[in-house]
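Chemist: The structure's right below; bear with me while I get my questions together.
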Amino acid sequence: MGKINLLSAETFNKIAAGEVVERPSSVVKELLENAIDAGATEIHLEIADGGESLIKIVDNGEGILEEDLRHAFLPHATSKIRSADDLFSIRTMGFRGEALSSIASVAKVLTRSKTAGEDGREILVEGGEIRYEKYAPMDQGTLMEVRDLFYNVPARKKFLKTKSREGSIISEIVAKITLAHPHIAFDLVVDGKNVLRTYGTGEQSDVIRQVYSKKVQENAFYFEEHYDSFSIHGFIGKEEISRGSRSHETIFVNKRLIQSKVITAAVERAFKSFATVNRFPFFVLNLEIFPELIDVNIHPQKAEIKFEDEGHIFKSVFQTVHDALKKGLQGTFDVKAA
Ligand code: ADP
Ligand code: MG
Numbered sequence: 001m002g003k004i005n006l007l008s009a010e011t012f013n014k015i016a017a018g019e020v021v022e023r024p025s026s027v028v029k030e031l032l033e034n035a036i037d038a039g040a041t042e043i044h045l046e047i048a049d050g051g052e053s054l055i056k057i058v059d060n061g062e063g064i065l066e067e068d069l070r071h072a073f074l075p076h077a078t079s080k081i082r083s084a085d086d087l088f089s090i091r092t093m094g095f096r097g098e099a100l101s102s103i104a105s106v107a108k109v110l111t112r113s114k115t116a117g118e119d120g121r122e123i124l125v126e127g128g129e130i131r132y133e134k135y136a137p138m139d140q141g142t143l144m145e146v147r148d149l150f151y152n153v154p155a156r157k158k159f160l161k162t163k164s165r166e167g168s169i170i171s172e173i174v175a176k177i178t179l180a181h182p183h184i185a186f187d188l189v190v191d192g193k194n195v196l197r198t199y200g201t202g203e204q205s206d207v208i209r210q211v212y213s214k215k216v217q218e219n220a221f222y223f224e225e226h227y228d229s230f231s232i233h234g235f236i237g238k239e240e241i242s243r244g245s246r247s248h249e250t251i252f253v254n255k256r257l258i259q260s261k262v263i264t265a266a267v268e269r270a271f272k273s274f275a276t277v278n279r280f281p282f283f284v285l286n287l288e289i290f291p292e293l294i295d296v297n298i299h300p301q302k303a304e305i306k307f308e309d310e311g312h313i314f315k316s317v318f319q320t321v322h323d324a325l326k327k328g329l330q331g332t333f334d335v336k337a338a
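First residue of the sequence shown? That's 1 in UniProt numbering, and the numbers climb one at a time after it.
Right, here's the structure in full:
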């Protein structure tokens, strides 16, 4: 007998799930992105016990076709791309078709969904196994309840932080995602308490006020600049609202929340030119770029991307933010002088 085993789909899925579903907040992020991709204008999110016992999301998006419902939980099942060629023109948040299958392999997932022309259907998947599927009329959209996360992977459960810490990680990530989608009304309930609500006014500055405060909203300058292959817009805060950590630095590329050393360095350098203390700026930076010019597929959680021309991005971001601060602060001085 040889020594090499071919792993079963179930085992393979549990292993792969570890890459996508690191902690409860990864589930929240994936489910939010699915609701956003479905074109929802209202998204309700509820969690209990730091997301360990319950993560519930309800959206009013396009819904899942009745015949697709059971397939949505298969590995590599996606309606968003057809072939590798499509990777170069991604407009959706998701595309790997891994989230639902990963989540359902390490939790108990109840889904109810309805498209415009159908009645609605419900399915329960536990540890990767479909328990039942049935007729379930409802309003258009999708509801998902993820219960008992990591119930069948005790090793992973052990590495979670306290429930309240996992809860705040979730609140932070939800808050950031709402910033990128000012047209969507979000509301987040943590252990029965509403902790965040946005109204879908379409103005990012309104969301900044809801997520942070009126003070932050009033102490940030708007910037906007268009280049050949990309554009940048967003808000940079005055020194008054600077921070001791990078917690209030947010970057979206094509509305995707990402980490970027290049962009962070460019904004911080611009901020430093005007700062009198050594602190981190508040900023929200939105970069819109042709999808062909970035690679979003270098990270399983899609948290990092690669730019074709990093130098150009650095210079443009630096210049835009620098000019905004210069103009904004001059305006402030003028007001004071007058
Ligand atoms: P991906 O988002 O990468 O396509 P997922 O595993 O997250 O993969 O989801 C699989 C598929 O299930 C999606 O491509 C989509 O067709 C469907 N789906 C998941 N969530 C929703 C939702 N909230 N509304 C409508 N369709 C959804
Ligand atoms: Mg997805």
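Heads up, the beta-carbon is just placed ideally off N, CA and C, and yes, glycines get one too.
#1: Among the residues of its own chain, which have a CB less than 8 Å from the CB of Ala116, if the five just before and after it don't count?
#2: Taking 7 Å as the cut-off, is the C-beta of Gly94 nearer than that to any heavy atom in the ligand MG?
#3: Please state the DSSP three-state secondary structure of Gly167.
#4: Could you tell me the boundaries of the beta strand (DSSP E) in which Ala185 lies?
#5: To the nearest angstrom, how far is it from the Cα of Leu31 to the Cα of Ala99?
#6: Pop quiz: Gly192 and Glu10 are said to be a contact at Cβ under 8 Å. What is the actual Cβ separation, rounded to whole angstroms?
#7: Which of helix, strand or coil does DSSP assign to Ala266?
#8: So what's Leu257 in DSSP terms, helix, strand or just coil?
#9: Helix, strand or coil for His76, going by three-state DSSP, please let me know.
#10: Note down, in chain order, each residue of its chain lying with its Cβ closer than 6 Å to the Cβ of Glu122, except the 5 sequence neighbours on either side.
#11: Ignoring anything shorter than 4 residues, give me the alpha helix (DSSP H) runs that lie fully in the stretch 57-140, in order along the chain.
#12: What are the start and end residues of the alpha helix (DSSP H) that includes Ile15?
#13: Just checking my contact of Asp148 with Ala107 at CB under 8 Å: how many whole Å lie between their CB atoms?
#14: For Ser229, which option in Phe290, Val27, Ile55 has the closest C-alpha, if you only look at C-alpha atoms?
#15: With Pro24 and Ile57 assumed to form a contact (beta carbons below 8 Å), what rounded beta-carbon distance in angstroms separates them?
#16: Quick check: is any heavy atom of the ligand MG less than 7 Å from the C-beta of Asn60?
#17: Let me know if Arg226 comes out buried or exposed under the rule of 16 or more other beta-carbons within 10 Å of its beta-carbon.
#18: Do Val189 and Val146 have their beta-carbon atoms positioned less than 8 Å apart in this structure?
#19: Counting only the same chain and skipping the five closest in sequence on each side, list residues whose C-beta sits under 6 Å from that of Leu143.
#20: Is it buried or exposed for Leu6, if we count other Cβ within 10 angstroms and need 16 for buried?
#21: Is it buried or exposed, Thr162, if we count other Cβ atoms within 10 angstroms and call 16 or more buried?
#22: Got a sec? Which residues, its chain only, sit under 6 Å from Ser260 by beta carbon, not counting five neighbours each side?
#23: Between Thr264 and Glu239, is the Cβ-Cβ spacing less than 8 Å?
#24: Hey, how far is the Cα of Ala155 from the Cα of Glu304?
#25: Three-state secondary structure (DSSP) at Arg147?
#26: DSSP three-state call for Val335: helix, strand or coil?
#27: For Lys14, is the classification buried or exposed, using 16 other Cβ atoms within 10 angstroms of its Cβ as the cut-off for buried?
#28: Taking Cβ positions, are Phe274 and Ala220 nearer each other than 8 Å?
#29: Can you confirm whether the stretch 63-76 touches the stretch 205-222 when touching is taken to mean that 3 or more C-beta pairs between the two stretches lie within less than 8 Å?
#30: What does DSSP give as the partner residue(s) for Ala48 in the beta ladder?
#31: Let me know the secondary structure DSSP gives Asn34 once reduced to three states.
#32: Out of curiosity, what's the CA-to-CA distance linking Glu42 and Leu257?
Modeler: Looking at the coordinates:
#1: Within the sequence shown, the letter at position 116 stands for residue 116. For Ala116, where only same-chain residues beyond five positions count, the Cβ hits under 8 Å are Glu62, Gly63, Gln140.
#2: By 1-based counting over the sequence shown, the position of residue 94 is 94. For the ligand MG, at least one heavy atom lies less than 7 Å from the Cβ of Gly94.
#3: Taking the first residue of the sequence shown as position 1, residue 167 is located at position 167. In this structure, Gly167 counts as helix in the three-state DSSP scheme.
#4: Taking the sequence shown and counting its residues from 1, one reaches residue 185 at position 185. Start and end: 185-190.
#5: Within the sequence shown, residue 31 is the residue found at index 31, counting from 1. Within the sequence shown, residue 99 is the residue found at index 99, counting from 1. Spanning the two alpha carbons is a distance of roughly 8 Å.
#6: For this step, residue 192 is matched to residue 192 along the sequence shown. For this step, residue 10 is matched to residue 10 along the sequence shown. Actually they are not in contact, since the Cβ atoms of Gly192 and Glu10 sit about 35 Å apart, beyond 8 Å.
#7: Here residue 266 refers to the residue found at position 266 when the sequence shown is read from its first residue. DSSP places Ala266 in helix when its eight states are reduced to three.
#8: Numbered from 1 along the sequence shown, position 257 holds the residue referred to as residue 257. Look at Leu257 here: in three-state DSSP terms it is strand.
#9: In the sequence shown, the residue the question calls residue 76 occupies position 76. Correct three-state label for His76: coil.
#10: Translated into the one-based positions of the sequence shown, residue 122 becomes position 122. Spatial neighbours of Glu122 in its own chain (CB-CB distance under 6 Å, excluding positions within 5 residues in sequence) are listed in chain order as Arg112, Lys134, Ala136.
#11: 99-105
#12: Numbered from 1 along the sequence shown, position 15 holds the residue referred to as residue 15. Taken as a continuous stretch (DSSP letters only), the alpha helix (DSSP H) holding Ile15 covers 9-20.
#13: Counting from 1 along the sequence shown, the entry for residue 148 is found at position 148. Counting from 1 along the sequence shown, the entry for residue 107 is found at position 107. Right, the Cβ-Cβ distance comes to about 6 Å (below 8 Å), so this counts as a contact.
#14: Translated into positions along the sequence shown, residue 229 becomes position 229. Taking only the C-alpha atoms, the option nearest Ser229 is Phe290.
#15: Taking the first residue of the sequence shown as 1, we reach residue 24 at position 24. Taking the first residue of the sequence shown as 1, we reach residue 57 at position 57. 12 Å between Cβ atoms; not a contact.
#16: Within the sequence shown, residue 60 is the residue found at index 60, counting from 1. The answer is no for Asn60.
#17: On the sequence shown, position 226 is the one that residue 226 refers to. Before going further, note that residue 226 is His rather than Arg in the sequence given. His226 is exposed by the Cβ-count criterion.
#18: On the sequence shown, residue 146 is found 146 positions in, with the first residue counted as 1. On the sequence shown, residue 189 is found 189 positions in, with the first residue counted as 1. Not closer than 8 Å, so no.
#19: Looking up residue 143 in the sequence shown gives position 143. Excluding sequence neighbours, Leu143 sits near Val58, Arg112.
#20: Translated into the one-based positions of the sequence shown, residue 6 becomes position 6. Exposed: under 16 other Cβ atoms inside 10 Å.
#21: Numbered from 1 along the sequence shown, position 162 holds the residue referred to as residue 162. By the 10 Å Cβ count, Thr162 comes out exposed.
#22: Indexing the sequence shown from 1 puts residue 260 at position 260. Answer for Ser260: Ile251, listed in chain order.
#23: Taking the sequence shown and counting its residues from 1, one reaches residue 264 at position 264. Taking the sequence shown and counting its residues from 1, one reaches residue 239 at position 239. The answer is no: Cβ separation not under 8 Å.
#24: Here the question's residue 155 lines up with position 155 in the sequence shown. Here the question's residue 304 lines up with position 304 in the sequence shown. Distance from the CA of Ala155 to the CA of Glu304, rounded to the nearest whole angstrom, comes to 27 Å.
#25: Position 147 of the sequence shown, counting from 1, holds the residue named residue 147. Look at Arg147 here: in three-state DSSP terms it is strand.
#26: Counting from 1 along the sequence shown, the entry for residue 335 is found at position 335. Only weak support exists for where Val335 lies, its pLDDT of 49 falling under 50; the coordinates are left without a value.
#27: Along the sequence shown, read from residue 1 onward, the residue named residue 14 stands at position 14. Per the 10 Å Cβ criterion, buried.
#28: Here the question's residue 274 lines up with position 274 in the sequence shown. Here the question's residue 220 lines up with position 220 in the sequence shown. No, the pair does not count as a contact, with Cβ atoms beyond the cut-off.
#29: Contact check between the stretch 205-222 and the stretch 63-76: fewer than three CB pairs, one atom from each, fall below 8 Å, which does not count as touching.
#30: Looking up residue 48 in the sequence shown gives position 48. Per DSSP, Leu54.
#31: For the purposes of this step, residue 34 is taken as residue 34 along the sequence shown, with counting starting at 1. Looking at Asn34 - three-state DSSP - the assignment turns out to be helix.
#32: Reading the sequence shown from its first residue, position 42 is the one you call residue 42. Reading the sequence shown from its first residue, position 257 is the one you call residue 257. Using only the alpha carbons, I get a separation of about 19 Å.
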